[in-house]
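Shown next, in structure tokens, is the structure this report addresses.
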Amino acid sequence: MPKQERIFAVVNPTLDQQVALDRAIITAKLIDPRPVLCIFVAVDSNTVDLDAGNQKIYRNTDWFEQQIHKPLREAGLEYSIEISWSDNWQQSIMVSAKRFGATRILIRAGKPAKSRRFIFAESKWALLKEADCPVLLVRDGAALQRKVVLAAVNFQASRINQDKLNKTIITRGQQLAENYNADFHVVNAYIDSMLYPDRGRLAHQTGLKSDNIHVMQGYTDEVIAAVGKKVNADVVVIGTLGQTGLTKTRRGNTAERVISAVDVDVLVVNTVL
20 MPKQERIFAV
30 VNPTLDQQVA
40 LDRAIITAKL
50 IDPRPVLCIF
60 VAVDSNTVDL
70 DAGNQKIYRN
80 TDWFEQQIHK
90 PLREAGLEYS
100 IEISWSDNWQ
110 QSIMVSAKRF
120 GATRILIRAG
130 KPAKSRRFIF
140 AESKWALLKE
150 ADCPVLLVRD
160 GAALQRKVVL
170 AAVNFQASRI
180 NQDKLNKTII
190 TRGQQLAENY
200 NADFHVVNAY
210 IDSMLYPDRG
220 RLAHQTGLKS
230 DNIHVMQGYT
240 DEVIAAVGKK
250 VNADVVVIGT
260 LGQTGLTKTR
270 RGNTAERVIS
280 AVDVDVLVVN
290 TVL
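Each residue of the sequence shown is one higher than the one before, counting from 20 in the numbering used here.
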């Protein structure tokens with residue numbers, strides 16, 4: 020029997036629309052056996068105005084009833100709610116998600132900011148790099164139904180960790196496609212023609228037909244964005260090499276450019292160096 024998933028959805032109480040919670044409910048209703056949900060309510064002090072004059076930092080019991088309890092009850096899902104007062108948003112998510120045993124974390128990403136290179140506060144980027152499970156960045160206005168899942172891999176890299184990450188990306192992409200009964204595609208960008216990715220190995224590891232494998236020359240973010248539009252992808256799966264020690268503070272420039280280049284949900288998976 021398949022292992023029961025544990026979905027961890029982060030709610031920002033200063034917002035009126037909770038897209039991460041909405042996506043968690045949609046996803047949970049499609050999975051058998053039904054997953055358990057943890058709804059984590061917290062405010063990122065790096066991105067929210069916590070001044071006493073901001074009316075959106077005040078929420079009463081009716082707000083919790085209408086915004087959280089009601090949709091979950093109507094969906095018939097098993098859930099718990101946890102509220103954090105920590106001023107370390109990222110770390111509190113990590114601690115709670117680990118205690119809950121989360122198999123995926125869902126947070127709101129907002130709309131891509133193509134005018135800036137870095138679109139996330141350090142707290143959100145740290146979460147993507149250090150999370151023990153995949154993190155789904157949910158866009159405002161994302162399509163309710165997933166029809167196409169696009170996974171971005173790097174088969175020309177020779178590092179062992181990259182090979183492990185490629186396999187994780189493919190597995191997670193396949194799982195998403197199966198959950199949503201969606202088409203699954205894989206994209207591999209490359210710059211140097213001397214390092215052309217092995218399409219045969221791609222086909223062997225993914226089990227996909229040629230039409231669903233896209234190998235293109237160009238910068239990773241531009242290729243993924245172009246292929247995503249071509250196949251009408253609803254979600255893109257990317258990877259980032261998780262880091263430890265002093266290197267864990269480095270931002271993943273390629274991953275950030277990809278997240279900024281696409282306007283659909285992005286699932287980020289990582290593996291530790």
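The beta carbon of each residue, even a glycine, is placed where N, CA and C say it ideally should be.
Note that this is a predicted model, so its numbers are computed, not measured.
Query: Mind reading off the beta-carbon distance from T259 to A274? Whole number of angstroms is fine, and I expect it under 8 angstroms.; Result: 5 angstroms
Query: Let me know the secondary structure DSSP gives E93 once reduced to three states.; Result: helix
Query: Roughly how far, in whole angstroms, is the beta-carbon of C57 from the beta-carbon of S99, given that I think they are within contact range, below 8 angstroms?; Result: 5 angstroms
Query: Please list, in chain order, all residues of the same chain as D240 whose beta carbon is under 6 angstroms from its beta carbon, the five residues on each side excluded.; Result: R276, V277 and A280
Query: Kindly confirm or deny that the region 51-66 and the region 204-222 touch, where touching means at least three C-beta pairs closer than 8 angstroms.; Result: no
Query: Comparing C-alpha positions only, which one of I126, K48 and L286 sits nearest to P32?; Result: I126
Query: Compute the distance between the beta-carbons of V168 and G192, then report whether it is under 9 angstroms.; Result: yes
Query: Just verifying my parser: in three-state terms, what is the DSSP assignment at D106?; Result: coil
Query: Looking only at its chain, what residues have a beta carbon closer than 7 angstroms to the beta carbon of P21, apart from the 5 residues adjacent to it on each side?; Result: P52
Query: Using only CA atoms, which one of A39, G72, N185 and V255 lies nearest to I87?; Result: A39
Query: Can you tell me where the alpha helix (DSSP H) with F27 in it begins and where it stops?; Result: Element bounds for F27: not the alpha helix (DSSP H) but the beta strand (DSSP E), R25 to V30.
Query: Which residues in the same chain as Q37 place their Cβ atom closer than 7 angstroms to its Cβ, once the five residues preceding and following it in sequence are excluded?; Result: V30 and Q86
Query: Report yes or no: do the region 61-68 and the region 105-119 share at least 3 C-beta pairs separated by less than 8 angstroms?; Result: yes
Query: Could you spell out where the beta strand (DSSP E) holding I188 opens and where it closes?; Result: I188 -> not in any beta strand (DSSP E); alpha helix (DSSP H) instead, spanning I179 to Y199.
Query: Give a yes or no on whether the C-beta atoms belonging to V205 and I232 are separated by under 9 angstroms.; Result: yes
Query: Using the DSSP secondary-structure output, state which residues sit across from D282 in a beta bridge.; Result: Per DSSP, none; premise fails for D282.
Query: Do you know offhand how far P90's Cα is from D41's?; Result: 8 angstroms
Query: Does the Cβ-Cβ distance between F119 and F203 come in under 9 angstroms?; Result: no
Query: Once you ignore the five residues that flank V242 on each side, which residues in its own chain have a CB closer than 6 angstroms to its CB?; Result: A208 and M235
Query: Determine the direct distance from the alpha carbon of L146 to that of T266, and round the result to whole angstroms.; Result: Residue placement at T266 cannot be trusted, given a pLDDT of 44 that sits under 50; what the coordinates show is reported in the next sentence. Those two C-alpha atoms are separated by around 15 angstroms.
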